[in-house]
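Quick note on numbering: the sequence shown equals residues 633 to 903 in the numbering used here.
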Amino acid sequence: MRYTELNSILITGASSGIGRAVALYLAAPRVRLYLGGRNQNALMQVADECIRRGAVVETKTLDVCDQQEMEEWVYSVGQLDFVLASAGVSIGTTDQSAEHNLPESAYRVRQIMQTNIDGVLNTVLPAIEVMKQQNRNGENIRGRIAAIASVAGLVNSAWAPSYCASKAAVDRFMVSSGGGLERLGIYLSSICCGFIRTPMTAKHKFVMPGLMSSDKAAKLIVQGVLDNKRRVIFPVWMIILARVIDLLPVRLLERLYLPYLQKKIIKDDKS
């Protein structure tokens with residue numbers, strides 16, 4: 633897909649999942665992609681496919697939790713039209729042996745928070761500084777930045793407290809910061825999506841209503857970003873349901889879903 637206003641694009645978490653899907657969706661002639669990720673082999677496979685689609689690609693193997701390395705990378709690429717902070721971890725990707733243990737281990741809490749919050753800040757903050765120095769385009773825009781939040785950030789969940797809290801932080805930061813940056817011509821978007829078919833969600837043992845392909849999600853993300861939406865939400869029905877659920881008493885919800893979840897986990901573990 634070709635979007636003339638998005639010529640220079642930086643994506644973290646580009647080796648798989650949503651980051652990979654967005655990179656492939658935007659890959660086209662006259663597009664320069666800066667792709668970052670921890671899995672070098674997977675990252676090179678994505679880069680090769682993007683090159684076949686006509687894009688110029690530079691890859692960087694790094695951990696988004698490394699603030700200094702992230703700053704050096706973002707500052708080094710020059711002009712940036714669009715930055716996507718897609719790197720993140722979920723339940724089951726940090727401590728699979730304790731995926732459903734309650735309460736969460738201290739290790740799991742800290743790693744989820746560090747990756748999902750610090751990783752986003754290490755991407756977004758230097759990108760903002762780069763874009764402040766750029767000229768405005770014909771639409772009076774200096775650049776666009778998006779970060780992957782989640783519907784999970786809109787609800788409380790005793791089953792995945794760190795993940796929900798980290799995504800809530802990402803959503804609030806992007807939405808709140810966007811107001812002050814728009815006058816500078818920098819547009820921020822929080823991507824509040826439901827369940828997307830990725831290697832991350834493939835590890836989950838529970839029912840995922842509204843499960844969507846990463847290709848479809850990539851299209852919705854890019855369209856929302858180009859429309860300068862502060863919050864890109866899909867599927868809409870899941871967002872509405874999340875808002876309603878969040879208004880209900882917390883202990884009532886826990887009585888409803890925790891016994892079901894625990895029974896399903898025991899059943900899955902025995903199968």
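By construction, the Cβ of each residue, glycine as well, lies at the ideal position given by its N, Cα and C atoms.
A direct Cα-Cα distance of roughly 21 Å separates A738 from A719.
Residue range 688-693 is occupied by the beta strand (DSSP E) that includes T693, with no alpha helix (DSSP H) assigned at that position. For I683, the number of other beta carbons within 10 angstroms of its own is below 16, and it is reported as exposed. Just so you know, the alpha carbons of A759 and S648 end up roughly 22 Å apart.
By a beta-carbon distance limit of 8 Å, V678 does not contact L694. Their separation comes to about 15 Å. For L642, the enclosing beta strand (DSSP E) covers residues 640-644.
Approximately 6 Å separates the beta-carbon atoms of I823 and I853; this is inside 8 Å, confirming the contact. The bridge partners DSSP lists for R863 are S822. For R887, the three-state secondary structure derived from DSSP is helix. The Cβ neighbour count for K764, taken over all protein chains shown within 10 Å, is under 16; the residue is labelled exposed. Ranked by how close their Cα comes to the Cα of N788, the residues L884, E701, S808, T755 have L884 in first place. At least 8 Å separates the beta-carbon of V696 from that of N772. Annotated as proximal: A778 and S821, with beta-carbon spacing under 8 Å. DSSP, reduced to helix, strand and coil, places A659 outside both helices and strands of the structure shown, so it counts as coil.
Taking C-alpha positions only, N860 is separated from R774 by approximately 12 Å. When C-alpha distances from E761 are compared across I818, V721, Y795, I643, the shortest belongs to I818. A direct Cα-to-Cα measurement between V706 and P881 gives close to 43 Å. In this structure, the straight-line span from the alpha carbon of A646 to that of K799 is close to 19 Å. For E736 and L816, the gap between their C-alpha atoms comes out near 41 Å. Under the criterion of beta carbons closer than 8 Å, V864 and V857 qualify as touching, at roughly 7 Å. Between N769 and E637 a beta carbon distance of about 7 Å is seen, short of the 8 Å cut, so the two are scored as contacting. In the displayed model, A778 falls within a strand according to three-state DSSP.
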